[in-house]
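Residue numbers (my numbering): 34 to 344.
By construction, the Cβ of each residue, glycine as well, lies at the ideal position given by its N, Cα and C atoms.
Below is one structure; the comments refer to it alone.
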Amino acid sequence: MDMIKPNRQPFLKRLGINIRRHPLVYVMLLIVMAYFILFCYWPMYGNIIAFQNYKPIKGILGSKFVGLKNFRSFFNNYYFFRLLRNTLVISFANLVFGFPIPILFAILLNEIRRQTFKRTVQTITYLPHFITTVVVCAMVTQFTNSEGFITTFVNSVFGHQGSLIGDPKAFRSIFVVSGIWQSFGWNSIIYIAAISGINPELYEAATVDGANRGQQMWHVTLPGIRETIVIMLIMACGQLMNVGWEKAFLLQSEATYETSDIISTFVYRKGFVENDYSYSAAVNFFNSLVNLILLTVANKISNSISGSGLW
């Protein structure tokens, strides 16, 4: 039997042949590459201003280089630890409470046999994702102000006084719960898709072995979507510091700054209100660097424990 000889054609020649054979595929590839280059990689050039005393009239190339001065100013800022604490507390609360709910919802939804009811539940839970952040914040503010029905209920049951949205102690709970309500249905889509890819014969074999529905979920469904869960968890860890500034900015007030002021809202005030572009760029650069470290550590731990990761 003749051995299959490796293809030793030059790379460029093989690439040219593939382009002629599948031109539409490469056109789509170019569009994707152009998107990432223009909107993901090219903006990285602007990070230079974090190390400058940037003046718009002079531009990036003409502004004075100041090294790590902006970073030191942020680390020595009176509000540094408050910003870092609030960002981490809200992020970890979102991760601990918000990450498992889409998984649990997808597993329970998979157990529903009536397709009409199942599609209705899916549609209802997806809808909040399509509501803009401004509208969501307006709804939350309306429901949790001094006359809102949620405030009225909480005050009557738990003895709370005043509005919830103006209470620093309640801000984080409002932020996290409203975020879960808005996103858990949409975030469950990827888990529903992963569950649909599980071999039905595994459930049949589990049924033959006498496993009930709960045991099938635990021993068949969860292991079947484990890799998807791990990848999504790693990606969530890489976004820990990226608490949505729009929502925090729209819900917070001076009365709640103690618990609501986060790094992203601080960057907004410094960059767009005070026009201190270099300082705000340095703070945002620090935020992105922490995210990169968290993503790398989470991926390393995942590879060590489960043997699977992003890379």
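Short of 6 angstroms in beta carbon distance, which residues of its chain neighbour Pro201, apart from the five on each side in sequence? Order them along the chain.
Thr289, Glu291 and Thr292
If Asn332 sits next to Gly342, beta carbons under 8 angstroms apart, how far is it from one beta carbon to the other, in whole angstroms?
4 angstroms
Proximity below 8 angstroms, CB of Ile207 to CB of Val173:
yes
Taking just the CA atoms, how far does Arg115 sit from Ala171?
26 angstroms
Roughly how many whole angstroms lie between the Cα atoms of Ala227 and Ile258?
6 angstroms
In the DSSP assignment, find the unbroken alpha helix (DSSP H) run with Trp278 in it and report its ends.
Trp278 to Leu284
For a quick check, are the C-beta atoms of Ile231 and Val210 less than 8 angstroms apart?
Cβ atoms of Ile231 and Val210: not closer than 8 angstroms.
Ala281, buried or exposed, once every other Cβ within 10 Å from all chains shown has been counted against 16
buried
Counting Cβ pairs, one atom from each stretch, are 3 or more of them under 8 angstroms apart for the stretch 233-247 and the stretch 91-105?
Contact between the stretch 233-247 and the stretch 91-105 is absent, because fewer than three Cβ pairs lie under 8 angstroms.
If you check the beta carbons only, do Val412 and Arg205 fall under 8 angstroms apart?
No information on residue 412 is available, as it lies outside the stretch 34 to 344 that the chain covers here.
Could you give the residue range of the alpha helix (DSSP H) that holds Met274?
No residue range can be given for Met274, since it is assigned to no alpha helix (DSSP H) and is classified by DSSP as neither H nor E.
Can you tell me whether Tyr236 sits near the ligand COA, meaning its C-beta is under 7 angstroms from at least one heavy atom of the ligand?
No copy of the ligand COA appears in this structure; indeed no ligand is present at all.
Report yes or no: do three or more beta-carbon pairs, one from the stretch 180-192 and one from the stretch 83-99, lie closer than 8 angstroms?
no
Straight-line Cα distance separating Val58 from Arg47:
15 angstroms
Between Ile90 and Ile82, which are expected to be in contact by the criterion C-beta below 8 angstroms, what is the C-beta distance as a whole number of angstroms?
No, Ile90 and Ile82 are not in contact; Cβ-Cβ is about 13 angstroms, not under 8 angstroms.
What residue from Ser311, Ile264 and Val316 has the CA that sits closest to His87's CA?
Position check: residue 87 holds Tyr in this sequence, whereas His was assumed. Taking only the C-alpha atoms, the option nearest Tyr87 is Ser311.
Distance between Gln272 and Phe319 (C-alpha atoms, nearest Å)
13 angstroms
Give me the residue from Ile140, Thr120 and Phe217 with the minimum Cα distance to Gly131.
For the residues Ile140, Thr120 and Phe217, the minimum Cα distance to Gly131 belongs to Phe217.
Kindly indicate which residue of Leu45, Ile338, Met274 and Phe84 has the alpha-carbon position closest to the one of Thr120.
Met274
Compute the Euclidean distance between the alpha carbons of Tyr301 and Ile198, then round it to the nearest angstrom.
21 angstroms
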